[in-house]
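**Q** In full-length UniProt numbering, the protein residues as written are 1 to 249.
Quick reminder that beta carbons are idealized off the backbone N, C-alpha and C, glycines included.
Remember, it's a predicted structure, so these values are computed and weren't measured experimentally.
(1) Please confirm if the segment 239-248 is in contact with the segment 200-212, defined as three or more CB-CB distances below 8 Å between the two stretches.
(2) Excluding sequence positions up to five away, which residues of its chain have a Cβ less than 8 Å from the Cβ of residue 16?
(3) In chain order, what residues of the same chain have a beta carbon less than 6 Å from the beta carbon of residue 101, not counting five sequence neighbours either side?
(4) Could you compute how far the alpha carbon of residue 174 sits from the alpha carbon of residue 218?
(5) What is the rounded straight-line gap between the Cα of residue 12 and the Cα of residue 56?
(6) What are the boundary residues of the alpha helix (DSSP H) that includes residue 154?
(7) Report all residues from its chain with a CB closer than 8 Å to the CB of residue 72; omit the five preceding and five following residues, and keep chain order.
(8) If you run the structure through DSSP and keep just helix, strand and coil, what is residue 221?
(9) Whose C-alpha, out of 20, 54, 77 and 142, is nearest the C-alpha of residue 45?
(10) Buried or exposed: residue 147, going by 16 or more other Cβ atoms within 10 Å of its Cβ?
(11) For residue 138, tell me which candidate among 237, 179 and 5 has the shortest Cα-Cα distance.
(12) Since residue 190 and residue 227 should fall inside the 8 Å C-beta cutoff, what is the C-beta to C-beta distance between them, to a whole number of angstroms?
(13) If you run the structure through DSSP and keep just helix, strand and coil, what is residue 245?
(14) State the Cα-Cα distance for the pair residue 25 and residue 37, rounded to the nearest angstrom.
(15) If the criterion is Cβ atoms closer than 7 Å, does the pair residue 249 and residue 187 meet it?
(16) Of all the options 75, 54 and 18, which has the alpha carbon lying nearest to the alpha carbon of residue 1?
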């Protein structure tokens, strides 16, 4: 992110705080080197938060899943993306918001899907069967919210197409491959990748073994990608993607 964009985001943060909006940044140092900003927001402040974001020319992309809001803005040559987590302001932890543990679905302290699995007596083999279908359903519901936008606009961009389904450490590989064939496919699927050593420098806290597993999963299904780009120079990457989008219009 360039210096002007960083200053504008910091000014926005100051405006939010001056209006008593309760929020905080995730990975504060990391977002200054990228344009993907994760924040947690007290759900009681949604209305005022939205007013300030729209005042600063951010466009609300989606309210789905219901515990998130997504905002985007093109500014000073940067596409700035706000991934806003709701109801996660008090006592939030990185492990809860960004699970990468194979025990995630079994941990009763984290709640998510836990009681669904309790019905199945919490057998790990059943979790491998159930979790892919949970992610698949989430993707289908997310896709439904894109159709009104597709009618309204010539092109709609969406991030992380079926990412959760393919990178879940809990999912059965065979079931994932089957569900991939059933997923509604966008007109253009762009896969941004890089070498493991480069990815580690961007996310030093992320386990290397998990990144290697994710990369291997995507390499197995690379035939479904329409455009595969190594994420080097940001300007060149954006131009290459935009050229392909324009050709489709």
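**A** On the basis of the data shown:
(1) no
(2) Start at 1 with the first residue of the chain shown, and residue 16 comes out as number 16. Answer for residue 16: 23, 49 and 52, listed in chain order.
(3) Looking up residue 101 in the chain shown gives position 101. Legend: pLDDT at residue 101 = 37, less than 50; position of this residue unreliable, value from coordinates given subsequently. Excluding sequence neighbours, residue 101 sits near nothing in its chain.
(4) Taking the chain shown and counting its residues from 1, the one referred to as residue 174 is at position 174. Taking the chain shown and counting its residues from 1, the one referred to as residue 218 is at position 218. Straight-line Cα distance between these residues: approximately 14 Å.
(5) The residue labelled residue 12 in the question sits at position 12 within the chain shown. The residue labelled residue 56 in the question sits at position 56 within the chain shown. Their Cα atoms are separated by approximately 8 Å.
(6) Locating residue 154 in the chain shown gives position 154, counting from the first residue. Here residue 154 belongs to no alpha helix (DSSP H), and DSSP marks it neither H nor E.
(7) As a working mapping, residue 72 is identified with position 72 in the chain shown. Only residues of its own chain outside the window of five on either side were considered, and among them 58, 59, 61, 79, 80, 81 and 82 have a CB closer than 8 Å to the CB of residue 72, listed in chain order.
(8) In the chain shown, the residue the question calls residue 221 occupies position 221. It is coil, neither helix nor strand.
(9) Within the chain shown, the letter at position 45 stands for residue 45. Of the candidates 20, 54, 77 and 142, 20 places its Cα closest to the Cα of residue 45.
(10) Counted from its first residue, the chain shown places residue 147 at position 147. That one is exposed.
(11) As a working note, residue 138 is residue 138 in the chain shown. Distance check between residue 138 and each of 237, 179 and 5 places 179 closest, using alpha-carbon atoms only.
(12) Locating residue 190 in the chain shown gives position 190, counting from the first residue. Locating residue 227 in the chain shown gives position 227, counting from the first residue. The pair is a contact, with the Cβ atoms about 5 Å apart (cut-off 8 Å).
(13) Here residue 245 is taken as the residue at index 245 of the chain shown, counted from 1. Three-state DSSP puts residue 245 in a helix.
(14) In the chain shown, the residue the question calls residue 25 occupies position 25. In the chain shown, the residue the question calls residue 37 occupies position 37. Roughly 8 Å between the two C-alpha positions.
(15) The sequence position of residue 249 within the chain shown is 249, counting from 1. The sequence position of residue 187 within the chain shown is 187, counting from 1. Cβ atoms of residue 249 and residue 187: not closer than 7 Å.
(16) Translated into the one-based positions of the chain shown, residue 1 becomes position 1. The option with the nearest alpha carbon to residue 1 is 75.
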